[in-house]
Amino acid sequence: MSTGTITPYRSGQRPGRDDFPHLLWAEWTKFRTVRGWVIAMAAAAVLTALAVVALAGVSNGSQNAGANPAVAIGPGGEAVTDNFYFVYQSLDGNSSITARVASLDTELANAGSPPPHIAVPWAKAGIIIKAGTRPGSAYAAVLATPAHGVRMQYGYTHDTAGLPGAVSAASPRWLRLTRSGDTITGYDSADGRHWAKIGTARLAGLPPTVQAGLFAASPPLLAPACPPGAICPPGSPPGQSFASNSTLVPYTTQATAAFDHVSLRGGWPGGAWRGGQIGFPTGIPLLCTPSPGHFCPKTPAGGFTKSGGTFTLAGSGDIAPYVTDVDPLGTVLKGSLVGLLAVIALGALFITTEYRRGLIRTTFAASPRRGRVLAAKAIVIGSVTFAAGLVGAAAALPIAENKLHSGGWAASVYPVWSLTSGHGLQIVVGTAALLAVAAILALSAGAVLRRSAGAIAAVVVLLIVPLILGAILPQTYADWVLRLTPAAAFGLQQGTPHYSQVTSVCQPINGCYPLAPWEGFAVLSVWAAAALGIAAFLLRRRDA
Amino acid sequence: MSAGHRMTRALRAEGATLREAVHAEWTKLRTMPSTGWLLLTAIALTAGVSVLATVVVKCPALCGEDTTRLSLTGILLGQAAVAVLAVLVMTGEYSSGMIRITLAAVPRRATALAAKAIILTGVVVAAGTVSVLGSVLAGRFILRANGFTGAHGSLLLSLGDGPALRAAAGSVLYLALIALLSLGLATAVRDSAASITVMLGLLYIVPLLTDLGTLDPAWEHRLQRYGPMTAGLAIQATKNLNKLPIGPWPGLGVLAAWAAAALLAGGLLLRLRDA
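If you're matching them up, the sequences are chains F and C in order. Per this note's numbering, the very first residue in the first sequence carries number 1240; after that it's consecutive. Per this note's numbering, the very first residue in the second sequence carries number 598; after that it's consecutive.
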């Protein structure tokens, strides 16, 4: 029995706007108006800076053997390794040099007769144009390697790939360098007729007369140390499984290379080929661990022989950036873990508090599309954390570097990264980005678990505990832990860059991570994106 | 005991006895859904990560490993769940307002805190025993299959062994002390997010900052001796004891001192402040 319809009450007010910018504004207002959160976020920035600086203050270079290594200083004032056997002549003006590498073998130096063959992936034999014979002077080279094909390298850090494949009698490698003013161009060829350009190097301030010729070098091989007096099997190559706490020592290796079809064009004043060791070879010979009263045989002297048109060179050493095992800056940046912990707590609280207070029901009533609410929260907490992290890291970096250098760490080896240099930016922006994505991960965990304690603990176990596991598991598995967990992102805080063309001890305890810095950050981001997806799904499925 | 009798007991000036308070705490803990989940998580994390850590270590390559310590690696992660449980025992009551009812029923605040500590210790020791036994048993089978048969100077893992038994029992005690430290801290801080953050920082950040290799060795040594986790986990070591920064029992003693100090501070603040 109906008596007509009653129009329900409708407010005369305009409906509220729930477009995304307003949602963002609402979430920003929620963050800004909780005084404890604002204080905690500021504290996270300050604590990050203070902890990093304090760690740098107690970091002691004078007690660390690696703090002041004997190194050559490169053209830019940086520490470099510049040790190799050089067969050279003076070269005037614009000219070129061509040679064919007919063979390249590597062996353990001084390890018996005949010395055992051992693979050295980055042994080098090729042609080089160098400003002078002083170690650390500018150069450009085209070279063959046993495992990485032909490369053009210059300025110690630049490395460009040419023809792939190893050198053998069946497939020799033709190499050519041409100089025109400051510009040196490298070419390679498999047959001496078809040449391909690899790259061009501009060496500013190259003198008119330079030294050019053939060279051979073989970097030390890192292998576990032999107990004193013991006869060790030929060193296991790096990358094998050994306990992370076993010491790796560098063993001297030697490369022997045969060159023929050496031809020179342009301003060669003529004269004989001279041979000489540039710098000094590093590493200690296998089968011998130096101890008091027990001297090891001298590291091998390089040398060369010439018969007909064939040069045979033997040489140890490397032409490369100097890479240290210890990374004092990377390790003191671990102080940012203190700020990270605070940021994780804030990220989780940003949503768990709404559940505790019941505000989440108001939030969803005002903006029923829950995925968008989560996105707005992620953007707000991510941006605020990024800004705070940026301020904290930028304030800490110059002070910490200053303290490290006054604490005994040689400035040439542990360089000053200004805030505008590429690596300095990577550290500062990387630390801020790491904190921001960690906050978003914590927000997602908070949305899934709805309880702050559980969410904070879950994120800490995922993000920080792998660092501890990485220090106690055997190296191979520690590497996998640090590749797969969000902790991979800590590679962003590497204080000394690592180069793919230099084999070095890479252990997390020394601030070195198995993934490249931004790859590691991508791992963390994938985790955060997946967690955010699960959180959005559950928010929609469950009652608030 | 009749309902009327119980009420008169509760209305007596001295309030509920410790036994009654313990019973009440047991009821509260038992009926919280999070308790079961957290204990299960603690057991699964401890045993699971211990198994993963033992699976990857093979003998001819790594015979020198401390097998007992290795098979208890999971405690590193399991303790996080224990800390969450212990923090929630106290801060859960503050966030729901239950604490006022608890303190009305048990006006002696030391008794209320002691009751919580007793129940928490009991529950954590039970869960800790399950997870440690699970880890050690799994470790025994896996390590034997991986070549740790006593040859090459490797250690067989057996609880009949004095040091191994000390490591296993000590790990259970370690978890209990972590729970008590968290409870004391949570009583002082009263907020679950802040308590768990400080607790996890104390556990995980301190060892990470001491293990940098570039610090002043004196500082490093000091932090390793007196950090709650690095000191407490010395109880798991069965090899190279003379190289440890602190001995097994003194290390656990340091953690016990941390827990006692936290409970004392928490108890004092609980007495002095309004709930």
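C-beta atoms are modelled at their ideal positions from N, C-alpha and C, and glycine is treated no differently. All values reported here derive from a predicted model rather than from experimental measurement.
Count the other CB atoms within 10 Å of the CB of residue i; is the residue buried (16 or more) or exposed (fewer)?
i: residue 1543 of chain F; result: buried
i: residue 840 of chain C; result: exposed
i: residue 1206 of chain F; result: The shown model of chain F, from 1240 to 1783, leaves out residue 1206 of chain F, and the question about it has no answer.
i: residue 743 of chain C; result: buried
i: residue 647 of chain C; result: buried
i: residue 1248 of chain F; result: exposed
i: residue 1432 of chain F; result: exposed
i: residue 1412 of chain F; result: buried
Hey, out of the options, whose CA is closest to residue i's CA?
i: residue 1459 of chain F; options: F/1392, F/1323 and F/1397; result: F/1323
i: residue 1579 of chain F; options: F/1698, F/1661, F/1648 and F/1378; result: F/1698
i: residue 1500 of chain F; options: F/1310, F/1770, F/1341 and F/1661; result: F/1341
i: residue 1297 of chain F; options: C/807, C/669, C/665 and C/619; result: C/807
i: residue 1676 of chain F; options: F/1724, F/1767 and F/1259; result: F/1767
i: residue 1283 of chain F; options: F/1635, F/1336 and F/1412; result: F/1635
i: residue 1504 of chain F; options: F/1606, F/1321, F/1329 and F/1591; result: F/1329
i: residue 1331 of chain F; options: F/1300, F/1398 and F/1452; result: F/1452
i: residue 636 of chain C; options: C/702, C/711, C/678 and C/669; result: C/678
i: residue 1712 of chain F; options: C/617, C/847 and C/664; result: C/664
i: residue 1368 of chain F; options: F/1250, F/1449, F/1456 and F/1762; result: F/1449
i: residue 1865 of chain F; options: F/1642, F/1689, F/1695 and F/1681; result: Outside the shown range of chain F (1240 to 1783) lies residue 1865 of chain F, about which nothing can therefore be said.
i: residue 1382 of chain F; options: F/1568, F/1616, F/1446 and F/1360; result: F/1360
i: residue 1545 of chain F; options: F/1336, F/1512 and F/1558; result: F/1512
i: residue 851 of chain C; options: C/868, C/756, C/715 and C/831; result: C/831
i: residue 597 of chain C; options: C/860, C/740 and C/869; result: Because chain C here runs from 598 to 872, residue 597 of chain C falls outside it and cannot be looked at.
Report all residues from its chain with a CB closer than 7 Å to the CB of residue i; omit the five preceding and five following residues, and keep chain order.
i: residue 1721 of chain F; result: 1705, 1709, 1727, 1747, 1752 and 1753
i: residue 1219 of chain F; result: Beyond the ends of chain F as shown, which are 1240 and 1783, falls residue 1219 of chain F; an answer cannot be given.
i: residue 1576 of chain F; result: 1703
i: residue 687 of chain C; result: 713, 780, 783 and 784
i: residue 1795 of chain F; result: No answer is possible for residue 1795 of chain F: it lies beyond the span of chain F, which begins at 1240 and ends at 1783.
i: residue 804 of chain C; result: 824, 826 and 827
With a cut-off of 8 Å, does the C-beta of residue i fall near any C-beta of chain F?
i: residue 598 of chain C; result: Confidence at residue 598 of chain C is low in this model, with a pLDDT of 48, below 50, so its placement is unreliable and no value can be given for it.
i: residue 807 of chain C; result: no
i: residue 692 of chain C; result: yes
i: residue 732 of chain C; result: no
i: residue 861 of chain C; result: no
i: residue 685 of chain C; result: yes
i: residue 632 of chain C; result: no
i: residue 865 of chain C; result: no
i: residue 789 of chain C; result: yes
i: residue 798 of chain C; result: yes
i: residue 794 of chain C; result: yes
Counting contacts by CB-CB distance shorter than 8 Å, is residue i in contact with chain C?
i: residue 1573 of chain F; result: yes
i: residue 1458 of chain F; result: no
i: residue 1703 of chain F; result: yes
i: residue 1636 of chain F; result: no
i: residue 1474 of chain F; result: For residue 1474 of chain F, the pLDDT reaches just 42, beneath the cut-off of 50, and the residue's location in the model is therefore unreliable, leaving the point undetermined.
i: residue 1471 of chain F; result: In this prediction, residue 1471 of chain F scores a pLDDT of 48, lower than 50, which makes its location untrustworthy; the coordinate-derived value is nonetheless stated afterwards. No, residue 1471 of chain F does not count as interfacial toward chain C.
i: residue 1590 of chain F; result: no
i: residue 1406 of chain F; result: no
i: residue 1466 of chain F; result: Caution applies to residue 1466 of chain F, whose pLDDT of 45 falls short of 50 and renders its modelled position unreliable; the model cannot decide the point.
i: residue 1675 of chain F; result: no
i: residue 1655 of chain F; result: no
i: residue 1297 of chain F; result: yes
With a CB to CB cut of under 8 Å and the five nearest residues on each side skipped, what residues in its chain are close to residue i?
i: residue 718 of chain C; result: 773, 776 and 777
i: residue 1651 of chain F; result: 1310, 1312, 1316, 1317 and 1318
i: residue 819 of chain C; result: none
i: residue 1633 of chain F; result: 1658 and 1667
i: residue 666 of chain C; result: 764, 833, 834, 835 and 836
i: residue 1476 of chain F; result: In this predicted model, residue 1476 of chain F has a pLDDT of only 37, less than 50, meaning its place in the structure is not dependable; the value taken from the coordinates is given anyway. Result list for residue 1476 of chain F: 1357, 1358, 1460 and 1462, in chain order.
Relative to the ligand NAD, is the shortest distance from any of its heavy atoms to the C-beta of residue i smaller than 7 Å?
i: residue 1663 of chain F; result: As far as ligands go, the structure on display features none, and thus does not contain the ligand NAD.
Leaving out the 5 sequence neighbours to the left and right, which residues in its chain are closer than 6 Å to residue i when beta-carbon positions are compared?
i: residue 620 of chain C; result: none
i: residue 1514 of chain F; result: 1326 and 1543
i: residue 1440 of chain F; result: 1379, 1393 and 1423
i: residue 727 of chain C; result: 640
i: residue 729 of chain C; result: 765, 768 and 769
message: To be precise: take each residue of the segment 802–834 of chain C, compare its Cβ to all Cβ atoms of chain F, and keep it if any distance is under 8 Å. Which residues remain?
response: 802, 804, 805, 806, 808, 809, 810, 811, 812, 813, 814 and 816
query: What residues from the segment 1677–1694 of chain F come within 8 Å of chain C, judged by C-beta to C-beta, listed N to C?
result: 1690, 1691, 1692 and 1693
field: Residues of the segment 635–648 of chain C with Cβ closer than 7 Å to any Cβ of chain F, in chain order
entry: none
Within 8 Å of chain F by C-beta, residues of the segment 666–683 of chain C in sequence order: 670, 673, 674, 677, 678, 680 and 681
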